[in-house]
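Enquirer: The sequence shown begins at 35 in the working numbering and counts up one residue at a time. Idealized CB from N, CA, C, for every residue including glycine. All values reported here derive from a predicted model rather than from experimental measurement.
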Amino acid sequence: MFPRTLNRWASRAVAGAALALASLSGTAAQAFTEEHVIILIDRSGSMMTTRASGQTRFADALVRGRDFVQMPNALPRLYAIWSFEGASYRREQGFEDGAKTVATLGRLTSGVGATPLALAVCDAADELLQFAPGIDARKVVHLISDGEENSTPEDTLCYGPPSITRYPNLTEGSWEWKIRNMLKTGDPLRDSPNPFQLVFDADVFFNHLTLAPAAAAPPEPAFHALLKGLSQASGGTFTPIEDTRPIPVPGDTNQDGCVNSTDYYLVLANYGLSVPPAAPAADLNGDRAVNFTDYSIVLGNLGRGCNTGPQPFVPVHEVRE
Ligand SMILES: [Ca+2]
Ligand SMILES: [Ca+2]
Ligand SMILES: [Ca+2]
35 MFPRTLNRWA SRAVAGAALA LASLSGTAAQ AFTEEHVIIL IDRSGSMMTT
85 RASGQTRFAD ALVRGRDFVQ MPNALPRLYA IWSFEGASYR REQGFEDGAK
135 TVATLGRLTS GVGATPLALA VCDAADELLQ FAPGIDARKV VHLISDGEEN
185 STPEDTLCYG PPSITRYPNL TEGSWEWKIR NMLKTGDPLR DSPNPFQLVF
235 DADVFFNHLT LAPAAAAPPE PAFHALLKGL SQASGGTFTP IEDTRPIPVP
285 GDTNQDGCVN STDYYLVLAN YGLSVPPAAP AADLNGDRAV NFTDYSIVLG
335 NLGRGCNTGP QPFVPVHEVR E
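1. Excluding the 5 residues flanking Phe92 on each side, which residues of the same chain have their C-beta closer than 7 Å to its C-beta?
2. What residue does the alpha helix (DSSP H) around Val103 start on, and which one ends it?
3. Mind checking whether the beta-carbon of Asn325 lies closer than 7 Å to any heavy atom of ligand 3?
4. If you compare alpha carbons, which of Gly140, Phe326, Glu276, Thr296 is closest to Gly306?
5. Which two residues bound the contiguous alpha helix (DSSP H) that contains Tyr201?
6. What first and last residue would you give for the alpha helix (DSSP H) that runs through Ser330?
7. Using a Cβ-based criterion (distance less than 7 Å to any ligand heavy atom), does Gly181 qualify as near ligand 1?
8. DSSP has Lys173 in a bridge; who is on the other side?
9. May I ask you to report which of helix, strand or coil DSSP gives Ile281?
10. Quick check on the DSSP output: the beta strand (DSSP E) that includes Arg124 runs from which residue to which?
11. Among His70, Val146, Lys218, which residue has its Cα nearest to the Cα of Pro110?
12. Where does the unbroken alpha helix (DSSP H) through Leu261 begin, and where does it stop?
13. I need the DSSP call for Val238, collapsed to helix, strand or coil.
14. Of all the options Leu232, Ser122, Glu183, which has the alpha carbon lying nearest to the alpha carbon of Val175?
15. Sort out for me which residues DSSP pairs Arg111 with in a bridge.
16. Span of the beta strand (DSSP E) holding Thr296?
17. DSSP three-state label for Cys340, please.
18. Between which two residues does the beta strand (DSSP E) holding Asn273 run?
19. Could you check how far apart the C-beta atoms of Gly220 and Trp209 are, in whole angstroms? I think they sit under 8 Å.
20. Run the CB neighbour count on Tyr299, radius 10 Å, all protein chains shown included, and call it buried at 16 or more, exposed below.
21. Please classify Ser117: is it buried, with 16 or more other beta-carbons within 10 angstroms of its beta-carbon, or exposed?
22. Using a threshold of 7 Å, is the CB atom of Leu318 nearer than that to any non-hydrogen atom of ligand 3?
23. When the Cβ atoms of the region 329-336 are set against those of the region 271-286, are three or more pairs found closer than 8 Å?
24. Got a sec: is the Cβ-Cβ distance from Glu183 to anything in chain C below 8 Å?
25. Any heavy atom of ligand 2 within a distance shorter than 7 Å of the CB on Val293?
26. From this set, Leu264, Leu142, Phe165, which residue's C-alpha is nearest Ala95's C-alpha?
27. Give me the residue from Pro253, Arg125, Cys292, Asn319 with the minimum Cα distance to Met157.
28. Which residues mark the beginning and the end of the alpha helix (DSSP H) in which Glu214 is found?
29. For the region 286-296 against the region 252-265, do three or more pairs of beta-carbon atoms, one drawn from each stretch, fall closer than 8 Å, so that the two count as touching?
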């Protein structure tokens with residue numbers, strides 16, 4: 035696998051140089067016709083942690099994956115699904131439409147092992163860059179995870195020690211530095227001032243008690259700073275999901291975990307406007323306009339998260355691998 039991967043990197047260095055030239059001459063247009071996504075699901079042991087919702091992180095990760103696939107999108111999308119655990123990842127599904135993808139998500143099960151996050155992110159980015167080269171596609175690594183890299187094999191290209199310093203000042207040779215380069219240039223060892231070639235989304239489950247038990251106002255953990263930085267720099271989304279909170283639900287404009295008349299009327303009140311002057315919360319798909327798409331999202335999710343009343347305190351049960 036190692037030599038094959040090296041060859042693919044060599045061929046892409048040429049393609050990357052051509053793209054850089056096109057950008058300099060102003061000919062590279064953002065005229066994407068499709069979107070290709072690899073949904074990367076963490077099935078390491080810590081994903082079996084029970085959240086206050088009563089569901090495991092893994093079960094709620096699958097709900098988040100399904101919501102992502104069912105969200106209306108401007109471009110036609112193809113999705114692959116990979117899961118990672120132990121020292122490797124599994125291709126659960128090749129590039130398929132949304133209906134097949136939702137069905138595949140429903141069949142996934144969690145594991146018990148460690149978290150080869152750098153390996154999974156880098157190989158998913160590589161696969162996206164290789165897939166359907168004749169199509170101008172927006173390429174997205176959509177990560178749903180709860181944890182830091184801790185098991186990428188030493189003989190793979192994105193293996194590295196943890197960065198000493200936080201994003202954006204990543205230690206050269208660290209796994210964080212390598213995945214940043216990979217998303218940017220398609221080469222884990224090459225940085226570039228050019229825009230990211232891939233979009234990176236991250237849904238990250240966490241427990242603030244575990245992350246920062248002593249501090250009253252804890253600084254953002256370095257792992258979150260990394261995922262947030264990569265998402266923002268590449269045009270993707272970063273969604274931190276605290277264990278004691280409900281998972282975010284599409285259509286929930288005020289983040290109370292429930293889609294009800296409050297959310298519905300906010301969308302109606304801003305209907306037909308662009309953002310601004312429309313309230314950003316009413317723009318549910320983030321395309322800077324409040325229109326029928328947003329209306330469909332709030333309508334399609336009405337009632338979600340609302341039927342259980344006030345939640346009694348449920349202690350979170352943390353699982354470590
Ligand atoms: Ca883990
Ligand atoms: Ca709400
Ligand atoms: Ca919108």
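Expert: Let me spell this out:
1. Contacts found: Arg77, Met81, Met82, Ser144.
2. 91-104
3. yes
4. Phe326
5. In the DSSP assignment, Tyr201 falls outside any alpha helix (DSSP H), carrying neither H nor E.
6. From DSSP, the alpha helix (DSSP H) with Ser330 extends over 326-334.
7. yes
8. Answer by DSSP bridge pairing, in chain order: His70.
9. coil
10. 122-130
11. His70
12. 256-268
13. Correct three-state label for Val238: strand.
14. The residue among Leu232, Ser122, Glu183 with its C-alpha nearest the C-alpha of Val175 is Leu232.
15. Glu69
16. Not the beta strand (DSSP E): Thr296 falls in the alpha helix (DSSP H), residues 295-303.
17. coil
18. The identity of residue 273 in the sequence shown is Thr, whereas the question assumes Asn. That run of the beta strand (DSSP E) goes 272-276.
19. The pair is not a contact, with the Cβ atoms about 17 Å apart (cut-off 8 Å).
20. exposed
21. buried
22. yes
23. yes
24. Among the chains in the structure shown there is no chain C, since it carries only a single protein chain.
25. Because some heavy atom of ligand 2 lies under 7 Å away, the Cβ of Val293 counts as near it: yes.
26. Checked all of Leu264, Leu142, Phe165; the closest Cα to Ala95 is Leu142.
27. In the sequence as presented, Met is not what sits at residue 157; that position holds Asp. Here the closest residue by C-alpha is Arg125.
28. According to the sequence shown, residue 214 is Arg rather than Glu. Looking at the DSSP string, the run of the alpha helix (DSSP H) that includes Arg214 is 209-219.
29. no
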